[in-house]
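Residue numbers (this note's numbering): 50 to 301.
Each residue gets a CB set at the ideal place from its N, CA and C atoms; glycine is no exception.
To start, the structure itself, in structure tokens.
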Amino acid sequence: MRLKLLITIFISIIYVKSFAQRSGELYNTISKLDSIFFAALNECDLKKYESFLAFDYEFYHDKQGLTVSKGKEMESMSLFCGEQRERQQIKRVLINESLEVYPITNYGALETGEHIFYLVIDGNTSKPVSKAKFTSIWRFDNNEWKLARTISYNHIPYGKIQLDDKILELYEGNYNAADRMVNIKQEGKTLKMTDLVDDKEVWSAEMLAETENTFYLNQNNIQIEFIQKMGKVEKLVVYENGKLVEQAIKEK
50 MRLKLLITIF ISIIYVKSFA QRSGELYNTI SKLDSIFFAA LNECDLKKYE
100 SFLAFDYEFY HDKQGLTVSK GKEMESMSLF CGEQRERQQI KRVLINESLE
150 VYPITNYGAL ETGEHIFYLV IDGNTSKPVS KAKFTSIWRF DNNEWKLART
200 ISYNHIPYGK IQLDDKILEL YEGNYNAADR MVNIKQEGKT LKMTDLVDDK
250 EVWSAEMLAE TENTFYLNQN NIQIEFIQKM GKVEKLVVYE NGKLVEQAIK
300 EK
């Protein structure tokens with residue numbers, strides 16, 4: 050059954066492109082369902098979230114793997130809205146112009162699009178941290194729409210602005226802090242910060258661009274500013290919740 054439905058998904062994506070809808074009754078219906086469903090996710094309204102899921106729901110995620118049932122998905126959501134949310138709150142925002150809807154004859158609809166996930170700092174501030182594509186299969190059964198399958202893929206780090214390679218390369222290298230070495234390395238279109246103690250990695254995080262020389266982490270409210278002198282990077286300065294906490298000098 051699982052294989053048959055996945056084959057249906059991919060055949061639909063390949064062959065019904067000409068039937069993509071960006072307006073009309075079906076588009077409006079699925080767009081509204083998407084909005085309500087993800088509002089429940091952002092607000093951690095687990096009862097509302099669960100009400101959208103089909104009894105045989107499956108979630109395919111390129112980073113986290115396969116979730117094989119409605120029950121397992123709700124276990125994952127309980128963690129997401131519990132311990133994880135206490136550490137950091139994540140909000141999903143749809144890229145509206147990316148949304149496309151395709152009819153699936155005698156079944157329901159296929160929805161595709163892109164969305165951005167934001168790290169919520171406080172009630173007034175949030176910062177983008179990742180971007181992904183998704184495909185959702187909606188089943189119309191007994192006069193109800195239920196979410197039967199979700200495929201979430203192509204997750205990439207995503208900052209406020211995207212810098213070119215030449216700028217990112219300026220910041221690569223080792224920086225001497227008081228108690229460790231901080232390594233900065235370009236990964237794709239972002240930077241990765243790694244703490245090294247005795248040449249062993251003890252911690253790392255993605256750095257996302259806010260301006261040409263300031264970055265923020267994909268966790269907590271931490272900012273990093275690179276200080277230049279005479280056209281060369283001299284040091285990095287770390288702020289937490291707007292307060293200076295440390296600096297590290299770049300090795301020559």
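Item, Value
"N- and C-terminal bounds of the beta strand (DSSP E) containing residue 244", "239-246"
"Cβ neighbour criterion (16 or more within 10 Å) applied to residue 227", "exposed"
"Same chain, Cβ closer than 6 Å to residue 109, neighbours up to 5 away in sequence not counted", "115 and 200"
"CB of residue 119 within 9 Å of CB of residue 105, strictly", "yes"
"C-alpha distance - residue 280 paired with residue 89, whole-angstrom precision", "48 Å"
"Closest by C-alpha distance to residue 230, when choosing among 208, 239 and 248", "248"
"C-alpha distance - residue 168 paired with residue 181, whole-angstrom precision", "15 Å"
"Alpha helix (DSSP H) runs contained entirely in the segment 101-133, provided each spans 4 or more residues", "119-129"
"Cβ-Cβ distance between residue 198 and residue 216 below 9 Å", "no"
"Same chain, Cβ closer than 7 Å to residue 302, five either side skipped, listed in chain order", "Since the first residue shown for the chain is 50 and the last is 301, residue 302 is missing from the structure and cannot be characterised."
"Proximity to residue 236 [Cα-Cα], best of 166, 213 and 277", "213"
"Proximity winner among 93, 131 and 272, relative to residue 31 (alpha-carbon distances)", "What the structure shows of the chain is the stretch from 50 to 301, and residue 31 is not part of that stretch, so it cannot be assessed."
"Beta-carbon separation (whole angstroms), residue 254 vs residue 242, contact threshold 8 Å", "5 Å"
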